[in-house]
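Trainee: The structure's right below; bear with me while I get my questions together.
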Amino acid sequence: MSGRWLRRSGIALFGLVLVVASILYWTRSKKGVSAETKLAGRDVPYLDGKWIRYSAEYAKRAQIEMMPVERSNLAPVVSVTGTVTFDPEKVAAVGARISGRVRQIFKLEGDPVKVGDVLAEIESAELGQAQAALVSAKAHAAAATTNEKREKELAEARISSNREAELAAANAVSARADFVAAEQRVRALGGVAGGTPGILRLSTPISGKVIERHVSRGQSVEATHTAFRVADLSSLWVQLAVFERQLTAMHQGDPVDIYPQGDGDHKVTGSVSYVGDVIDLETRTAPVRVEVEHPEIPLRPGQSVLAKIHTSAPIASSIVVPRGAVTSVDGKPTVFVAHDALSVEPRAVQLGGQDGDRVEILSGLEETDRVVTSGVFALKSEIFR
């Protein structure tokens, strides 16, 4: 019995030793960097409970710097993607106005133009008829005016009756009205008095560049056909859709930095010209328009851009830290809060607004805290691999 009891006791003791050894191994492995590794000569940070500890040599090598948090007003910068569009006042559609055949083209896509430059010529029988009617109406008006003058003189000399003078005056008024109507019809069709009969000269009403051409030589066109589009690209709009929670900070005139997608090194400056008054019920956004005058780098209508709006309405005084002090750990914004000169605590925080250099902290920090502002990536990469 005693031998059997001893064997059982030995087995139980061996099992207990295995359990204790497993617990110790698991506890040591959770620290990220084991004491054995530290003793082996690797000068790296390691977890000690909730603290990350490191040596003075490592702090110098990783350039770890700390600073106290501050309470300050912060005018947030709102970042949102948008699309470049034309300024409606700086784009023109040049249409045919009448049916006809394209006789000649003078300007192509990309050509610079000035006000009044002829883009193309169209042969039109309708315009020819209107111009002929104008010539006839002009002649009738001239004849009626001459007759009116003669009958008036005869009536004054009592050679003819006043009745004949009155009829001549009425005919003259009617003829002049017909002439004005004929002249207006030619003008409405795009022609000019005294121009080449039956030839419509399509001209641009604005200066800029030809951006679209929808006609070819010999092509037949209808009155509703848009032949050219001309735009002045020195003034453009950027259309944005901004969430309603961010709208209250925005005002007309706020400066905006525009970055073309995929090119974060170059920017164009503009300003907010309109903040929408109506919220879209599905997207919970409102339109915001940014005007860009004489962009330093080319922008193309339809192009996607990133807009950073520097709002002019500061938020209430709050705790702020440098943007470089915030990193992401397990998908959560995190800062390293100083415990002493050689240890810090990783602490999750809730972010608010931000400007170009600072971030508002809504919760997670106190005014007495100090945070790591330099060497954040080095600490994160060693502990949270």
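Residue 264 in my numbering sits at position 194 of the sequence shown, and the numbers go up by one each step.
Even glycine gets a Cβ: it sits at the ideal position worked out from N, Cα and C.
Computed from a predicted model, the values in this text were never measured in an experiment.
My output table needs one value for residue 424: the three-state DSSP class, helix, strand or coil.
Mentor: Residue 424: strand per DSSP, three-state reduction.
Trainee: Our contact map puts residue 157 next to residue 306 with C-beta atoms below 8 Å; I'd like the distance itself, whole angstroms only.
Mentor: Indeed they touch by this definition, with Cβ atoms about 6 Å apart.
Trainee: Tell me the rounded alpha-carbon separation between residue 147 and residue 360.
Mentor: Those two C-alpha atoms are separated by around 15 Å.
Trainee: Measuring CA to CA, which of 310, 351, 365 and 353 is closest to residue 343?
Mentor: Residue 343 has its Cα closest to that of 310, out of 310, 351, 365 and 353.
Trainee: What does a CB cutoff of less than 8 Å around residue 122 pick up in its chain, not counting 5 residues either side in sequence?
Mentor: Correct list, in chain order: 115, 116, 406, 413, 414, 415, 416, 449 and 453.
Trainee: What is the DSSP secondary structure of residue 402, counted as helix, strand or coil?
Mentor: Three-state DSSP puts residue 402 in a strand.
Trainee: Which residues bound the alpha helix (DSSP H) around residue 139?
Mentor: Residue 139 -> no alpha helix (DSSP H), and no H or E assigned at all.
Trainee: Excluding the 5 residues preceding and the 5 following residue 373 in the sequence, name in chain order all residues of the same chain whose CB lies nearer than 8 Å to its CB.
Mentor: Excluding sequence neighbours, residue 373 sits near 153, 154, 330 and 331.
Trainee: Using the C-alpha atoms, what's the distance from residue 284 back to residue 403?
Mentor: Looking at the two C-alpha atoms, the distance is approximately 54 Å.
Trainee: Residue 210 by DSSP, collapsed to three states: which one?
Mentor: Three-state result, residue 210: helix.
Trainee: Using only CA atoms, which one of 278, 308 and 276 lies nearest to residue 369?
Mentor: Considering only alpha carbons, the answer is 308.
Trainee: In whole angstroms, give me the CA-to-CA distance for residue 442 and residue 387.
Mentor: Using only the alpha carbons, I get a separation of about 22 Å.
Trainee: Which value, in whole angstroms, describes the spacing of the CA atoms of residue 278 and residue 161?
Mentor: Each residue's alpha carbon lies about 9 Å from the other.
Trainee: Use the C-beta contact count for residue 218: other C-beta atoms within 10 angstroms, 16 or more gives buried, fewer gives exposed.
Mentor: Classification for residue 218: buried.
Trainee: When burial is assigned at 16 or more other CB atoms within 10 Å of the CB, is residue 389 buried or exposed?
Mentor: Classification of residue 389: buried, given that the 10 Å Cβ count is 16 or more.
Trainee: Give every residue of the same chain whose Cβ lies closer than 6 Å to the Cβ of residue 408, excluding the five residues on either side of it in the sequence, and list them in chain order.
Mentor: If we look at residue 408 and ignore the five residues flanking it on each side, its Cβ neighbours are 136, 414 and 440.
Trainee: Please classify residue 201 as buried or exposed, where buried requires at least 16 neighbouring CB atoms within 10 angstroms.
Mentor: Its Cβ being crowded by 16 or more others within 10 Å, residue 201 is buried.
Trainee: For residue 340, collect the residues of the same chain with a Cβ closer than 7 Å to its Cβ; drop the 5 residues on either side in sequence, then sort them by chain order.
Mentor: Contacts found: 308, 326, 328, 360, 361 and 362.
Trainee: Looking at the secondary structure, which residues open and close the beta strand (DSSP E) in which residue 174 lies?
Mentor: Where residue 174 is concerned, the enclosing beta strand (DSSP E) stretches over 170-175.
Trainee: Let me check understanding here. Comparing Cα to Cα, which of 447, 188 and 142 lies closest to residue 280?
Mentor: Comparing Cα positions, the closest option is 188.
Trainee: Does the region 139-146 come into contact with the region 164-180, if we say contact requires no fewer than three beta-carbon pairs (one atom in each stretch) closer than 8 Å?
Mentor: No: the two stretches stay apart, fewer than three of their Cβ pairs being nearer than 8 Å.
Trainee: Determine contact between the region 221-236 and the region 201-212, defined as no fewer than three beta-carbon pairs at a distance below 8 Å.
Mentor: Short answer: they don't touch.
Trainee: For a minimum of 3 consecutive residues, which ranges assigned as the beta strand (DSSP E) are wholly contained in the region 359-389?
Mentor: Runs found: 374-380.
Trainee: Straight-line CA distance for residue 120 to residue 383?
Mentor: Computed Cα separation, rounded: 39 Å.
Trainee: Does the separation of the CB atoms of residue 420 and residue 434 fall below 8 Å?
Mentor: Yes, the Cβ-Cβ distance between residue 420 and residue 434 is below 8 Å.
Trainee: Here's a check: name, in chain order, each residue in its chain whose Cβ is nearer than 8 Å to the Cβ of residue 430, leaving out the five neighbours to either side.
Mentor: Within the same chain, residue 430 has close Cβ partners 144, 146, 385, 388, 389, 390, 421, 422, 423 and 424.
Trainee: Please state whether DSSP places residue 356 in a helix, a strand or coil.
Mentor: Residue state, collapsed to three classes: strand.
Trainee: Do residue 301 and residue 190 come within 8 Å of each other at the CB atom, strictly closer than that value?
Mentor: No.
Trainee: Using CA coordinates, which residue listed in 237, 418, 272 and 436 is at the minimum distance from residue 140?
Mentor: Per the Cα distances, 436.
Trainee: Could you please give the first and the last residue of the uninterrupted beta strand (DSSP E) stretch that includes residue 271?
Mentor: Segment 269-273, the beta strand (DSSP E) holding residue 271.
Trainee: I'd like the span of the beta strand (DSSP E) that includes residue 191, first residue to last.
Mentor: Residue 191 -> beta strand (DSSP E) spans 188-193.
Trainee: Among the residues of its own chain, which have a CB less than 6 Å from the CB of residue 211, if the five just before and after it don't count?
Mentor: These residues qualify, in order along the chain: 245, 246 and 249.
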